[in-house]
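Asks:
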Amino acid sequence: MLSRAVAYVVGERNFFLNLISKSTSFTNLQQIHAQVILNGQNSDVITVTKLTQKLCKIGAIDHANLLVSTTPNPDLFLFNVLIQGFSANNLPSSSVSVYARLRGNTDLRPDNFTYAFAISASGSLGHEKIGMLLHAHSIIDGFGDDLFVGSAAVDMYLNSSKVGLAYKVFDRMPQRDTVLWNTMVSGLVKNCCYIDSVGVFRDMIGSSIQFDSSTLSAVLPAVAELQDLNAGKGIQCLALKSGFHSHVYLLTGLVSLYSKCGDVSTARLLFGQIGRPDLICYNAIISGYTLNGETEISARLFKELLLSGQKVNSSTIVGLIPVGSPFGYLSLTSSIHGFCVKHGTIGVPSVSTAITTVYSRLNEIDRARQLFD
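The opening position of the sequence shown corresponds to residue 1 in the UniProt record's numbering, with each subsequent residue numbered one higher.
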């Protein structure tokens, strides 16, 4: 009798797991949830976990939270799924709240994944005190040397501009993988520590850890800001040897690099290798031509971008404005000003500042004042 009962439970579970895996809409998942309850499977953690994962994936995070909250005796894996789910749905504060619920309302002990997800969420929030507290908890619980926790902590500290603390965690890690190295390289770029970023990249190349396309894409902005064309060409050679040379993010980074180093012809050739340029690609080449004083071409590319149906952003506009040019370009700047007023981007600080800078240089004080009236 017991074996039959077990077989029945397993059969029911497999039936629902199959339904959940095939479902693609919230309505379907709601119906499955109702059937799970009616068939007494709401206490089966495996079924509930699978359903929670799918709800998180389609963005029905509130329903996922309700499901976990009403599940008898949820296990740690289920809590981890929910913590990660909130982060994936851009609700990091809720991720931290679930962690607090886990610590305060259950007898479960967080594991390395719990801490990694929660610390990452705190980094997205920009609350360094919460992140530091979570990191301290992870160390107390014996996860100070864990690779997942360490990577999350490094990312959190860099997002909070605590570069020194990020270095401390990074330097103390007994093992480092590609993700951790990439996190350090890209995080230093975000904090404008370009020389340090290139230095960490070189240390990685000298280690036994294999770099990937994300590594090269992460360090290229640093090399571009330093206008170190030789280093950039070295990275381009690494990309060619490793088969990463056709990756869009890498090509975009190279476009930006050559533009900032004054070689806009090579930048345009690289741009032409991108099959379907996205907004980031267009922004790189537009700003490149503007930076090198070829505003007619950048304006033409801007029109091409608009005709492609892609929506421009503030970075596109700022890249089109000839802020650093010694020439006038009053007509171009006035046209950009009108476009921004029409499309509601004139209120973006970076845009208004760039336009004001050009007007002021041209002694068009009244036009500049209009931006603040």
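Where a beta carbon is used, it is the ideal one built from N, C-alpha and C, also for glycine.
Looking at the unbroken alpha helix (DSSP H) that takes in V348, where does it start and where does it end?
Replies: If you number the sequence shown from 1, residue 348 lands on position 348. First-last for V348: undefined, no H or E at that position.
Asks: Report the CB separation of S87 from A121 in whole angstroms; it is logged as a contact under 8 Å.
Replies: In the sequence shown, the residue the question calls residue 87 occupies position 87. In the sequence shown, the residue the question calls residue 121 occupies position 121. Contact flag correct, Cβ pair sits at about 5 Å.
Asks: According to DSSP, is H247 part of a helix, a strand, or is it coil?
Replies: Residue numbering aside, residue 247 sits at position 247 when the sequence shown is read from its first letter. It is coil, neither helix nor strand.
Asks: Using the Cβ count rule (16 or more neighbours within 10 Å means buried), how would you classify N80?
Replies: Mapped onto the sequence shown, residue 80 falls at position 80. N80 should be labelled buried.
Asks: Residue range of the alpha helix (DSSP H) that T27 falls in?
Replies: Numbered from its first residue, the sequence shown carries residue 27 at position 27. Unbroken alpha helix (DSSP H) run through T27: F26 to L38.
Asks: Given this structure, state the Cα-to-Cα distance separating V312 from S352, to the nearest angstrom.
Replies: Taking the sequence shown and counting its residues from 1, one reaches residue 312 at position 312. Taking the sequence shown and counting its residues from 1, one reaches residue 352 at position 352. When rounded, the distance between both Cα atoms is 16 Å.
Asks: Hey, how far is the Cα of S360 from the Cα of R369?
Replies: Locating residue 360 in the sequence shown gives position 360, where the first residue counts as 1. Locating residue 369 in the sequence shown gives position 369, where the first residue counts as 1. Taking the straight line joining both Cα atoms gives about 9 Å.
Asks: Can we say the segment 134 to 146 touches the segment 180 to 199, given the rule of at least three CB pairs closer than 8 Å?
Replies: Touching, no.
Asks: Assuming N363 is part of the alpha helix (DSSP H), what are its boundary residues?
Replies: Here residue 363 refers to the residue found at position 363 of the sequence shown. Neither: N363 is in no alpha helix (DSSP H) and is coded neither H nor E.
Asks: Within a Cβ cutoff of 8 Å, which residues of the same chain sit near V154, ignoring the five residues on either side of it in sequence?
Replies: In the sequence shown, the residue the question calls residue 154 occupies position 154. A166, V169, F170, L180, T183, M184 and G187.
Asks: If you follow the alpha helix (DSSP H) that Q53 is part of, which residue opens it and which one closes it?
Replies: In the sequence shown, the residue the question calls residue 53 occupies position 53. Start and end: V45 to K57.
Asks: Report buried or exposed for I37, applying the criterion of at least 16 other Cβ atoms within 10 angstroms of its Cβ.
Replies: Mapped onto the sequence shown, residue 37 falls at position 37. Exposed, because fewer than 16 other Cβ atoms sit within 10 Å of the Cβ of I37.
Asks: Can you tell me whether residue 380 is helix, strand or coil according to DSSP?
Replies: The chain is shown from 1 up to 373; residue 380 falls before or after that span and cannot be answered.
Asks: For V45 and V248, what's the separation of their Cα atoms in angstroms?
Replies: Along the sequence shown, one-based indexing puts residue 45 at 45. Along the sequence shown, one-based indexing puts residue 248 at 248. Cα to Cα, V45 sits roughly 42 Å from V248.
Asks: Of the residues F77, I286 and L362, which one's Cα is nearest the Cα of V318?
Replies: Position 318 of the sequence shown holds residue 318. Here the closest residue by C-alpha is I286.
Asks: Give the range of the alpha helix (DSSP H) segment to which P72 is assigned.
Replies: Looking up residue 72 in the sequence shown gives position 72. First-last for P72: undefined, no H or E at that position.
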